[in-house]
Amino acid sequence: MADQIPLYPVRSAVVAAVAANRKRAAYYSAAGSGPGGERHNRYQLEDESSHLDEMPLMMSEEGFENDESDYHTLPRARVTYRRRGIEWLVCGGWKFLCTSCCDWLINICRKKKELKARTVWLGYPEKCEEKYPKNSIKNQKYNIFTFIPGVLYEQFKFFLNLYFLVVSCSQFVPALKIGYLYTYWAPLGFVLAVTMIREAVDEFRRFQRDKEMNSQLYSKLTIRGKVQVKSSDIQVGDLIIVEKNQRIPSDMVFLRTSEKTGSCFIRTDQLDGETDWKLKVAVSCTQRLPALGDLFSISAYVYAQKPQLDIHGFEGTFTREDSDPPIHESLSIENTLWASTVVASGTVIGVVIYTGKETRSVMNTSNPKNKVGLLDLELNQLTKALFLALVALSIVMVTLQGFVGPWYRNLFRFLLLFSYIIPISLRVNLDMGKAAYGWMIMKDEHIPGTVVRTSTIPEELGRLVYLLTDKTGTLTQNEMIFKRLHLGTVSYGTDTMDEIQNHIINSYSQMFAQASGNGTSSTPSRKSQSSTPKVRKSVSSRIHEAVKAIALCHNVTPVYESRAGVISETEYAEVDQDFSDENRTYQASSPDEIFPFTSESKRMGIIVRDESTAEITFYMKGADVAMSSIVQYNDWLEEECGNMAREGLRTLVVAKKSLTEEQYQDFENRYSQAKLSIHDRTLKVAAVVESVEREMELLCLTGVEDQLQADVRPALEMLRNAGIKIWMLTGDKLETATCIAKSSHLVSRTQDIHIFRPVTNRGEAHLELNAFRRKHDCALVIAGDSLEVCLKYYEHELVELACQCPAVVCCRCSPTQKAHIVKLLQQHTGKRTCAIGDGGNDVSMIQAADCGIGIEGKEGKQASLAADFSITQFKHIGRLLMVHGRNSYKRSAALGQFVMHRGLIISTMQAVFSSVFYFASVPLYQGFLMVGYATIYTMFPVFSLVLDQDVKPEMALLYPELYKDLTKGRSLSFKTFLIWVLISIYQGGILMYGALVLFESEFVHVVAISFTALILTELLMVALTIRTWHWLMVVAEFLSLGCYVASLAFLNEYFGIGRVSFGAFLDVAFITTVTFLWKVSAITVVSCLPLYILKYLKRKLSPPSYSKLTS
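Under the working numbering, think of the first position of the sequence shown as 8, with each following residue one higher.
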């Protein structure tokens, strides 16, 4: 988990430190002569080479010189500047001065307070030396002043919107005015209004959520008793009471609980994504106090380290001053209650140590990067190409005009006239399309529970080439089934578990018989078994020891629900608890043992004392890599671990050690000392524990099976057939990972597997890569540390070779390594990547990938919340990519190109009109017609393309090979774009020349004829583009036609030329004549019929791959 905590501050600190070291090196080398100086210099150079990778490339020498944190170089820097004088000011000093002033102003505006360690007095917030942040949650992006500027900036970052803003603003200049203002401002205003409303609604929801959280009431303990206080009014030093199932409002140190054990459970799934409950322990000094009010009768304080990112660590001390001698207790993570967690058992009291921005949960919320889809980037490129075409066309027009008069003004007017080449409705249509795809995905009953969290990239699902998947909980169910118990000489499997049961029953019954026979004293069972054969005795006692160790050395606690419900008294009455089996649930929690399991130690231990014999035993269990060096020498452990791993079982080694009273006391003293230390506490504690972890007696080896998820094999098979390369990145052992790769058919039975040997240096990596290069068509299995070495020296070669493999398995991967592999694939191949996982350790990989998919699994919701798409089972990924990915990409490509075609065709008509009328920069169509053309007349049919599909979902799933075509990006490319440009030029030319040729003497009717033909052409072109008809498409076509016919009748004044030029209006009588109808029909047929014929011939002569399947 800790791996994905963003460590940006640390990184920048390292960089700053390195920069400072380098400067000091320069200073000392200049100042220090003699052996001392030389020695310092040598070490400094070594230091430099080791930090080369951490140097930012942005820092210039000037940047180093002006770093005011280093007092050594300041005088020299000032001297050099004084020497340069005016020359310096002219050559770039002004830039430096401006930057310095700006930095100074920014620093004054938002003084960032340095985080410090603190002393917090129990119940006395007024004793705090400093002012700490308010305990209010604020997830809003903007405030009342920054909302409008912020939203506008986000919109005008895009070339398309910025271009339209410039065009619209130009209409305020009388000389450049082309038409009515609303023709330019209405579409732009609509886009901005939709965006602003959406942002405002989101912002208001965030505000309401924050308000709800901040106004939650809590009981605060004061000298006068309990008072109710809002969450946002809680201060550092307050004593807060939190009831069961209530959210903890701020970071606190746990002082008291109603549970008589002095401990409670909390749920942390909102903080770290883990579903198991965590056990927290109250400070023993305050838990022992007779009554609640006594918290104010003692003089005590908590010393807490400065606020940090690490949610799994805390160092502090509790001191009670008024006792003699003063009581000191060390505080660790198990004494803390972090904000955003929920109390799961009992009622707790804590003292607040961090509030607001300084709580762990707020410090760990990083804003993930905004992902932009490949399709959006491609369309942005095409928009820029259209802009160049627009400029070229305007220059041609002015040139043909002969640069007469104020030509530059004419140039700008032409730029405005043809501005419809770049359609503003492109963004609106695509955004609405994306929302529609998201809705379709979530409503698909074949993949229930699927959630679309990022609505901007559904098309990415149709372009994936690499799928990087986690193993545990993603391909497997993360449900462990106990399969094997190995004692070295004898092994028990699922079919012989009853034998273990019999051994246990026998040994315990003999123990009890012995105990009752001997009165109070009880001897260990081994002595009572002299009558049984020797071999049997040893096996039976060894099973007894092994099972006892497994039963004791874990972190499962039985939890009983209380009958009394909520405790209302101030003093805690011990509630009647129902200890019956029905009312008991088991909670895995950590850490309740002395040495908790961590990903570094890979083991956990517990020290217990047998009440009857007073024997002290230290039990330990852990991964074989960690335990093999701790247990006494044996000849079977390594071999058996390998055998079990090959069967796909996960192994755990169990061992014990008996301690004498002296050994234990010595250990206890050193352990308490280490826990009290403020600096390097974890290292000191680990060192003390390691002193006991020596020569332990090996008891047994256990094997558990992690079963595959439902339908994983057919899903992986489908993805492979679709041309997607699958990489499995796991933290598990090499053998287990290889085994799961085979059993899930990630690697087919016939395929060779190349296991990359462990390498530690450049030479070994070189030889191993050469050996791998000679293999053909085999899967690669590589461990994390070998991968690290190869990437250090041969990054390009390794990635190139790995990309040629049909499957890659990386085992023993850390979360940061997973994210690093994703980034490498993106950089080296330029192809789209998708990451899928279910645990907190997959979050960094999911956020780094172009498209992240999270599975709601046993490990909690953290991955699914961080992902762009969340699914409930791995098998759903097939339909998500093959059906929804395909449709989203195909539809968006068609929609984007059609909207561009709609703009190009009207610009072509304008160009023809201007060139016929002596290159006059006069608009062909009046304001309302232009707005209506892009909205009410053609919007519904064009948008109905989001319902189109080329292949039925069943076909797409049956023939996943169809997906390969999508990854080539042929649906939207410069080739298809040029075809649409040619179509637009042909149709625009035909429509305009046709109208001009057929207008006879009634010149005023050219607008009506050409515009009617244009609308009909557009509706027919939509029909030509559609591959599968939907009833809504038919409705959209007729609705648009109806709207247009109605507007011909009622809005006839808009169909004149120029600003109602020649004083002529369109009369209804002319529209109903046969002449009008045949002229419009003739033009429309000439513009569309050739395209229909060409499409028919193309389908006959070179049909697309999917048409062969549907025919």
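All C-beta atoms in this analysis are idealised placements derived from N, C-alpha and C, irrespective of residue type, glycine included.
The structure presented is a predicted model; accordingly, all values stated were derived computationally and were not measured.
Given that a residue counts as buried once 16 or more other Cβ atoms are within 10 Å of its Cβ, and exposed if not, what is K233? Within the sequence shown, numbered from 1, the residue matching residue 233 stands at position 226. Result: exposed.
Helix or strand or just coil, what does DSSP make of T624? Position 617 of the sequence shown, counting from 1, holds the residue named residue 624. Note: T624 maps to strand in three-state DSSP.
Where the beta strand (DSSP E) containing T483 begins and where it ends: Reading the sequence shown from its first residue, position 476 is the one you call residue 483. Residues T483 to H493.
Proximity winner among F419, A392 and P256, relative to V180 (alpha-carbon distances): As a working note, residue 180 is residue 173 in the sequence shown. Looking at the Cα atoms, F419 is the closest of the given residues.
When you compare only the Cα positions, how much space is there between F763 and E646? Taking the sequence shown and counting its residues from 1, one reaches residue 763 at position 756. Taking the sequence shown and counting its residues from 1, one reaches residue 646 at position 639. So the two alpha carbons sit approximately 20 Å from each other.
Let me know the secondary structure DSSP gives K830 once reduced to three states. As a position in the sequence shown, residue 830 is number 823, starting the count at 1. The answer is helix: DSSP assigns K830 an H, G or I state.
Which residues in the same chain as R653 place their Cβ atom closer than 7 Å to its Cβ, once the five residues preceding and following it in sequence are excluded? By one-based count along the sequence shown, residue 653 stands at place 646. Contacts found: E742 and C746.
Assuming F881 and Q714 make a contact with CB atoms under 8 Å, what is their CB distance in whole Å? Counted from its first residue, the sequence shown places residue 881 at position 874. Counted from its first residue, the sequence shown places residue 714 at position 707. Not confirmed; about 13 Å, so no contact.
What residues in its chain sit with their C-beta under 8 Å from that of G500, if we drop five residues either side in the sequence? Residue mapping note: residue 500 aligns to position 493 of the sequence shown, counting from 1. Excluding positions up to five away in sequence, the list reads K490 and R491.
Would you kindly check if the distance between the Cβ of L979 and the Cβ of G903 is under 8 Å? In the sequence shown, counting from the first residue as 1, residue 903 sits at position 896. In the sequence shown, counting from the first residue as 1, residue 979 sits at position 972. Yes; because the gap between Cβ atoms is below 8 Å, this pair is in contact.
How far does the beta strand (DSSP E) with V890 in it reach, from first residue to last? Locating residue 890 in the sequence shown gives position 883, counting from the first residue. Taken as a continuous stretch (DSSP letters only), V890 belongs to no beta strand (DSSP E), as it is neither H nor E.
Starting from Y308, follow the beta strand (DSSP E) in both directions and report where the run begins and ends. Taking the first residue of the sequence shown as 1, we reach residue 308 at position 301. Per DSSP, Y308 belongs to the beta strand (DSSP E) from A307 to A311.
Burial state of D331 (16 or more Cβ within 10 Å): Residue 331 sits at position 324 when you count from the first residue of the sequence shown. When all chains shown are included, D331 counts as exposed.
Should S415 be labelled buried (16 or more other beta-carbon atoms within 10 Å of its own) or exposed? Working through the sequence shown from its first residue, we reach residue 415 at position 408. For the record, residue 415 in the displayed sequence is Tyr; it is not Ser. The residue is exposed, with fewer than 16 neighbouring Cβ atoms inside 10 Å.
Flag this pair as yes or no: are the beta carbons of R263 and V349 separated by less than 8 Å? In the sequence shown, counting from the first residue as 1, residue 263 sits at position 256. In the sequence shown, counting from the first residue as 1, residue 349 sits at position 342. Cβ atoms of R263 and V349: not closer than 8 Å.
Could you check the C-alpha separation between I1016 and M449 for me, to the nearest Å? In the sequence shown, residue 1016 corresponds to position 1009, counting from 1. In the sequence shown, residue 449 corresponds to position 442, counting from 1. For I1016 and M449, the distance between alpha carbons rounds to 45 Å.
How long is the line joining the alpha carbons of L59 and V850, rounded to whole angstroms? Within the sequence shown, numbered from 1, the residue matching residue 59 stands at position 52. Within the sequence shown, numbered from 1, the residue matching residue 850 stands at position 843. With a pLDDT of 32 at L59, under the threshold of 50, the modelled position of that residue is not reliable, and the figure given next carries that caveat. The alpha-carbon atoms of L59 and V850 are separated by roughly 28 Å.
Using DSSP with H/G/I as helix, E/B as strand and the rest coil, what is Q714? Residue 714 sits at position 707 when you count from the first residue of the sequence shown. It is a strand residue.
Here's the rule: buried if 16 or more other CB atoms are within 10 angstroms of the residue's CB, otherwise exposed. What is T229? For the purposes of this step, residue 229 is taken as the residue at position 222 of the sequence shown. The residue is exposed, with fewer than 16 neighbouring Cβ atoms inside 10 Å.
Report the option in V692, D329 and F950 whose CA atom is closest to the CA atom of R677. The residue labelled residue 677 in the question sits at position 670 within the sequence shown. Answer by Cα proximity: V692.
Does DSSP put Q235 in a helix, in a strand, or in coil? Taking the sequence shown and counting its residues from 1, one reaches residue 235 at position 228. Of the three classes helix, strand and coil, the one that applies to Q235 here is strand, per DSSP.
Tell me whether S523 sits in a helix, a strand or coil according to DSSP, three-state version. Taking the sequence shown and counting its residues from 1, one reaches residue 523 at position 516. DSSP places S523 in helix when its eight states are reduced to three.
Between which residues of its own chain and A873 is the CB-CB distance below 8 Å, once the five residues before and five after are set aside? One-based indexing of the sequence shown puts residue 873 at position 866. Contacts found: P375, V850, I853, Q854, G859 and G861.
Please list the terminal residues of the continuous beta strand (DSSP E) segment that includes E669. Position 662 of the sequence shown holds residue 669. That residue, E669, is in no beta strand (DSSP E); its alpha helix (DSSP H) goes E668 to L683.
With H883 and T624 assumed to form a contact (beta carbons below 8 Å), what rounded beta-carbon distance in angstroms separates them? As a working mapping, residue 883 is identified with position 876 in the sequence shown. As a working mapping, residue 624 is identified with position 617 in the sequence shown. Actually they are not in contact, since the Cβ atoms of H883 and T624 sit about 48 Å apart, beyond 8 Å.
Indicate whether P132 and V243 have their beta-carbon atoms separated by less than 8 Å. Position 125 of the sequence shown, counted from the start, is the residue given in the question as residue 132. Position 236 of the sequence shown, counted from the start, is the residue given in the question as residue 243. In contact: P132 and V243 (Cβ atoms closer than 8 Å).
Just tell me which of A681, M504 and V949 has its CA closest to the CA of S698. As a first step, residue 698 is located in the sequence shown; it is residue number 691 there, counting from the start. Of the candidates A681, M504 and V949, A681 places its Cα closest to the Cα of S698.
Give the straight-line distance between the Cα atoms of K663 and T737, rounded to the nearest whole angstrom. Counting from one through the sequence shown, the residue named residue 663 turns up at place 656. Counting from one through the sequence shown, the residue named residue 737 turns up at place 730. Rounded to whole angstroms, K663 to T737 spans 30 Å at the Cα level.
Alpha carbon to alpha carbon, how far is L474 from S1114? Give it in angstroms, no decimals. Locating residue 1114 in the sequence shown gives position 1107, where the first residue counts as 1. Locating residue 474 in the sequence shown gives position 467, where the first residue counts as 1. Rounded to whole angstroms, S1114 to L474 spans 28 Å at the Cα level.
Can you list, in chain order, the stretches of the alpha helix (DSSP H) that have 4 or more residues and sit fully within the region 942-967? Segments of the alpha helix (DSSP H) lying fully in the region 942-967: 946-950 and 960-965.
Return the CA-CA distance between G196 and V1014, expressed in angstroms with no decimal places. The sequence position of residue 196 within the sequence shown is 189, counting from 1. The sequence position of residue 1014 within the sequence shown is 1007, counting from 1. Using only the alpha carbons, I get a separation of about 27 Å.
Three or more beta-carbon pairs under 8 Å between the region 354-363 and the region 126-145, yes or no? In short, these stretches touch, since the Cβ pair count reaches three.
Keeping to the same chain, check which residues put their C-beta closer than 6 Å to that of G892; ignore five residues upstream and five downstream. The count along the sequence shown starts at 1 and reaches residue 892 at position 885. Closer than 6 Å at the Cβ level, and outside the excluded window around G892, lie L468 and G469.
Backbone CA spacing between R295 and N342 [nearest angstrom]: Translated into positions along the sequence shown, residue 295 becomes position 288. Translated into positions along the sequence shown, residue 342 becomes position 335. The alpha-carbon atoms of R295 and N342 are separated by roughly 15 Å.
Could you check if A556 is buried or exposed, using at least 16 other CB atoms within 10 Å of its CB as the buried criterion? For this step, residue 556 is matched to residue 549 along the sequence shown. Answer is buried; the Cβ neighbour count reaches 16.
Counting only the same chain and skipping the five closest in sequence on each side, list residues whose C-beta sits under 6 Å from that of S684. The count along the sequence shown starts at 1 and reaches residue 684 at position 677. Contacts found: K691.
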